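Chemist:
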Amino acid sequence: MTTTTGTTTAPGALGSGRARVEGRDKVTGAARYAGEIPFARLAHGWLVLSTIARGRITAVADEPVLAMPGVLTVLHHGNAPRVHTDYVGMLGRPNPVVGLFQHDRVPFVGWPVALVVAETPEQAREAAEALVVGYEEEPHDVAFRTGRDDAYRPEDSPMVEADTDKGDVRARIVDAAFVVDAEYTTPEEHHCSMEPHAATARWDDGRLDVTDSNQGSSWVAGELAQLFSLDPASVRVRSEHIGGAFGSKGLSAHQVAAVMATTALHRPVRVAMTRRQMFSLVGYRSPTAQRVRVAADAEGRLCAFDHEALNLTSGVHEFIETSAVLGRVLYDADAHRTRHRVVRLDVPTPTWMRAPGEAPGSFAIESALDELAEKCGVDPIALRARNEPATGPVSGLPFSSRNLLACFEEGARRFGWADRDPRPGLRREGRWLIGTGTAAASYPSGAGRSTAAVTAEADGTFTVRVNAADIGTGARTAMTLVAAEALQADPDLVQVRIGDSDLGHAMIAGGSTGTRSWGWAVRLAAADLRERLALGGGIPAEGITARADTADAIAALPQRERHSFGAQFAEVAVDVATGEVRARRLLGIFAAGTIVNPLTARSQLIGGMTWGLSMALHEEAVRDAATGGHVNADLAGYHVASHADAPLIEAGWVDDPVPGDPVGIKGIGEIGIVGVAAAIANAVWHATGVRHRALPIRPDRVL
Ligand code: MOS
């Protein structure tokens, strides 16, 4: 059961609760997903993944398999076409796993070693399972733990600096009245989108045409063009409906395999992943080990803040889980230090997963702040209020808007925080110990270059073309409302077309940037169109089209700290006889700029919060040191919160005007998960008096 409240600031279409424009198609089955779009003469590819964690392929016994019913071809490193992986794409260098079948080396369990293509998926699967691959095995290492002496400082990337330093942490800690110095760990976690990755590739009149499930078809089309050395204009990627995507739906092995196979066979080829394959092919959230040192004076003012985060990456590609970036936004101190360190193991490369960095990072620092509040004898919300920075703690830049305390005030009021007895272990209801906890949340509000076209049609309607990706968020509906508002038109007169790289370049649905990025382009185009329509004259049969590109507007934006903020609250019940933790209530109050569509915004926020609950109590991928592979690579063994685990979850928001901002819209895709695990862990402490610094808070850890 969920409820929501919240004020809306914008008049007209923006802020009106509107059901998804494609909702009927989705619930009636008319909306087709990438793995179910029919094509004439469609062939089916099945990926074969390595069973060893490190070594070389010595042989791929394809001949017996080629004789099996329906089998059309077997692609592997001995016969696959060469691809070009030495490029920098829209979001950096490609993960080497997309350099499919280019060599005989195996860097982890689940590395793709072959693709079997057949007339039917069943024939392809049977042949793939029969394919014998010979290996020369080498020793592997998959053990992630702190204290490894091979942890190293990662390269600074355009997205993040590995380290920041201000002042002398050691000196400030020595002088402090209260110090918390603790290690927090989070496990390997997986995306588990409902729809597994799938793509169909075909050549259509000299153009490569790919139907896919991804977070940005401009992005995937650009990567495929680079990889296969094609003219970008000759690649079209469509991604109309997407059954969830949380950072993993970019370019992966399946699209590359489908393109290779359609090129070899001259017929459409579909490659769909199994749930189990997703655990090694599409990235995941790295486990983290984080040391947090926070120190305060007698009044609870922070004098030192130090966050050092370790994550793993693969032997073939560097990925940083940016856990320590959150403290660069939330807390200032005279001495302020953040560190990222990485260790290379024989495992697949991790990737972005909903609130990459902030999700595990918030567990560590928001738990540590709670521990500090306890030591100082200060209420956790009062401690945060006492430490609100005036400007970015590391950057010194002003905040575009920062309404964190308003979130805490509104949240405390609705949650009933004022009545809370801060002492732990005092409340009992039968066999349950009851506790409450809170945590702060923040997530960046960025924008990426996008283009849009808005057409006034001769029949009085409007058509909006913007290459957004609706990953389940309601992006189509949000763009309908943004356009209707900008055109001062009835939303029912606005048709929005998305999910097709031929619509022009647009930002991905990622990094909580989608609505802001696409909405910006739509607004610019709509404003231009309105000016043209104001000149009068009729509308010709082909309509009147205005186009916009946000590149210049983004470049002209003044430098600011731009973030969404939030306050998370949790009430838990802990059964100390069985170790079971039940979340009873979650409340999140957010400051996230203009809320475009309260109906879908609420869904996104409570979706993120539900995942935070799942992260706190359930999710954990486990690797077997001997084989290097997972022992629970499916939804039976990898536990995600089910409906029965989800309590009363409420999400709301406070007014958050962004002065001088040309869009006013921030992101809400990721902030929902941030801080939830800490709020729950803090509530478990309040219930029991025991701190849990390792996720998930499993029954055996509670006992
Ligand atoms: Mo999100 S992790 O930016 O898809």
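If you count the sequence shown from 1, position 286 lands on 286 in the UniProt record's numbering, and the numbers rise without skipping. All C-beta atoms, glycine included, are put in the ideal place defined by N, C-alpha and C. Bear in mind that the values here come from a model prediction, so they are computed numbers and not experimental data.
Please name the residue in Ala-304, Thr-463 and Gln-277 whose C-alpha comes closest to that of Arg-172.
Modeler: Ranking the options by Cα distance to Arg-172, first place goes to Ala-304.
Chemist: Indicate, with yes or no, if the ligand MOS has a heavy atom lying under 7 Å from the CB of Gly-247.
Modeler: Yes.
Chemist: At 4 residues or longer, and completely inside the segment 598 to 634: list those alpha helix (DSSP H) runs for me, N to C.
Modeler: Fully enclosed alpha helix (DSSP H) runs of 4 or longer: 598 to 617.
Chemist: Tell me the DSSP bridge mates of Pro-444?
Modeler: Answer is His-563, bridged to Pro-444.
Chemist: Compute the distance between the beta-carbons of Gln-123 and Ile-508, then report whether it is under 8 Å.
Modeler: No.
Chemist: Going along the chain, which residues of its own chain have a beta-carbon closer than 6 Å to the beta-carbon of Arg-125, five neighbours each way excluded?
Modeler: Trp-46.
Chemist: Kindly indicate which three-state DSSP category Thr-9 falls into: helix, strand or coil?
Modeler: No answer about Thr-9 holds up, because its pLDDT of 39 lies below 50 and its placement is not dependable.
Chemist: Give a single yes or no on whether Glu-670 has its beta carbon closer than 7 Å to a heavy atom of the ligand MOS.
Modeler: Result yes, Cβ under 7 Å from the ligand MOS.
Chemist: CB-CB under 7 Å to Glu-318, same chain, minus the five flanking residues each way: which ones, in chain order?
Modeler: So the qualifying residues of the chain are Pro-154, Glu-155 and Val-342.
Chemist: Compute the beta-carbon to beta-carbon distance between Leu-100 and Met-260, rounded to the nearest angstrom, for a pair I have assumed lies under 8 Å.
Modeler: Right, the Cβ-Cβ distance comes to about 7 Å (below 8 Å), so this counts as a contact.
Chemist: Looking only at C-alpha atoms, which of Gly-629, Tyr-331, Ile-665 and Ser-367 sits nearest to Ala-53?
Modeler: The candidate whose alpha carbon is nearest that of Ala-53 is Gly-629.
Chemist: Let me know the secondary structure DSSP gives Glu-429 once reduced to three states.
Modeler: Correct three-state label for Glu-429: strand.
Chemist: Between Ala-527 and the rest of its own chain, which residues show a CB-CB distance below 7 Å, the 5 nearest in sequence each way excluded?
Modeler: Excluding sequence neighbours, Ala-527 sits near Ala-486.
Chemist: Which residue spans inside the segment 445 to 525 form an unbroken beta strand (DSSP E) run of at least 3?
Modeler: Those beta strand (DSSP E) runs which fall completely within the segment 445 to 525 and span 3+ residues are 451 to 456, 462 to 465 and 494 to 497.
Chemist: Apart from the five residues just before and just after Gly-607, which ones in its own chain have a Cβ nearer than 7 Å to its Cβ?
Modeler: Excluding residues within five positions, the ones whose Cβ falls inside 7 Å are Gly-672.
Chemist: Under the three-state reduction of DSSP, which class applies to Gln-226: helix, strand or coil?
Modeler: Of the three classes helix, strand and coil, the one that applies to Gln-226 here is helix, per DSSP.
Chemist: Quick one: what does DSSP say Ile-595 is sitting in, helix, strand or coil?
Modeler: Looking at Ile-595 - three-state DSSP - the assignment turns out to be coil, as it is neither helix nor strand.
Chemist: Are the CB atoms of Ala-697 and Ala-616 nearer to each other than 8 Å?
Modeler: The sequence shown places Ile at residue 697, rather than the Ala named in the question. It is a contact, given that the beta carbons lie within the stated cut-off.
Chemist: May I ask you to list the residues that DSSP assigns as paired with Ile-697?
Modeler: DSSP, once it has assigned bridges, lists no residue as partnering Ile-697.
Chemist: Arg-354: beta carbon under 7 Å from a heavy atom of the ligand MOS?
Modeler: Within the cutoff, so yes.
Chemist: With a cut-off of 8 Å on the beta carbons, I'd call Ala-199 and Val-210 a contact; round off their distance for me.
Modeler: Ala-199 to Val-210, Cβ: 6 Å. Contact.
Chemist: Given that a residue counts as buried once 16 or more other Cβ atoms are within 10 Å of its Cβ, and exposed if not, what is Pro-277?
Modeler: Note on residue identity: the sequence assigns Gln, not Pro, to residue 277. With 16 or more Cβ atoms within 10 Å of its Cβ, Gln-277 is classed as buried.
Chemist: Out of Trp-111, Ala-13 and Thr-263, state which residue places its alpha-carbon closest to the alpha-carbon of Ala-80.
Modeler: The shortest C-alpha separation from Ala-80 is found at Thr-263.
Chemist: Is it the case that the CB of Gly-510 approaches a heavy atom of the ligand MOS more closely than 7 Å?
Modeler: The answer is yes for Gly-510.
Chemist: Can you look up Cys-192 in the DSSP assignment and give me helix, strand or coil?
Modeler: The answer is coil: DSSP assigns Cys-192 none of H, G, I, E or B.
Chemist: Sorry if obvious, but does the Cβ on Gln-277 come closer than 7 Å to a heavy atom of the ligand MOS?
Modeler: Checking every heavy atom of the ligand MOS against the Cβ of Gln-277, none is found closer than 7 Å.
Chemist: What did DSSP end up calling Asn-403 once you bin it into helix, strand or coil?
Modeler: The answer is coil: DSSP assigns Asn-403 none of H, G, I, E or B.
Chemist: How about Gln-123: is its Cβ closer than 7 Å to a heavy atom in the ligand MOS?
Modeler: No, the Cβ of Gln-123 stays beyond 7 Å of every heavy atom of the ligand MOS.
Chemist: Buried or exposed, going by whether 16 or more other CB atoms sit within 10 Å of the CB of Ser-229?
Modeler: Under this definition Ser-229 is an exposed residue.
Chemist: Please list, in chain order, all residues of the same chain as Trp-653 whose beta carbon is under 7 Å from its beta carbon, the five residues on each side excluded.
Modeler: Closer than 7 Å at the Cβ level, and outside the excluded window around Trp-653, lie Gly-6, Ile-589, Phe-590, Ala-591, Ala-592 and Ile-595.
Chemist: Can you tell me whether Val-132 is buried or exposed? The criterion is at least 16 other CB atoms within 10 Å of its CB, across all chains shown.
Modeler: That one is exposed.
Chemist: Quick test of your reading: Val-325 and Gly-361, contact by CB under 8 Å. State the CB separation rounded to the nearest angstrom.
Modeler: Right, their Cβ atoms sit about 7 Å apart.
Chemist: In the DSSP assignment, find the unbroken beta strand (DSSP E) run with Gly-361 in it and report its ends.
Modeler: Run containing Gly-361: none in the beta strand (DSSP E); it sits in the alpha helix (DSSP H), 358 to 376.
Chemist: Just checking Gln-215 against the ligand MOS - is the residue's beta carbon closer than 7 Å to any of the ligand's heavy atoms?
Modeler: Yes, the beta carbon of Gln-215 sits closer than 7 Å to at least one heavy atom of the ligand MOS.
Chemist: From Arg-145 to Arg-623, what does the alpha carbon distance come to, in whole angstroms?
Modeler: Each residue's Cα considered, the two are about 13 Å apart.
Chemist: Taking the CB atoms as reference points, tell me whether Arg-516 and Ile-381 lie closer together than 8 Å.
Modeler: Result no, Cβ atoms of Arg-516 and Ile-381 do not sit closer than 8 Å.
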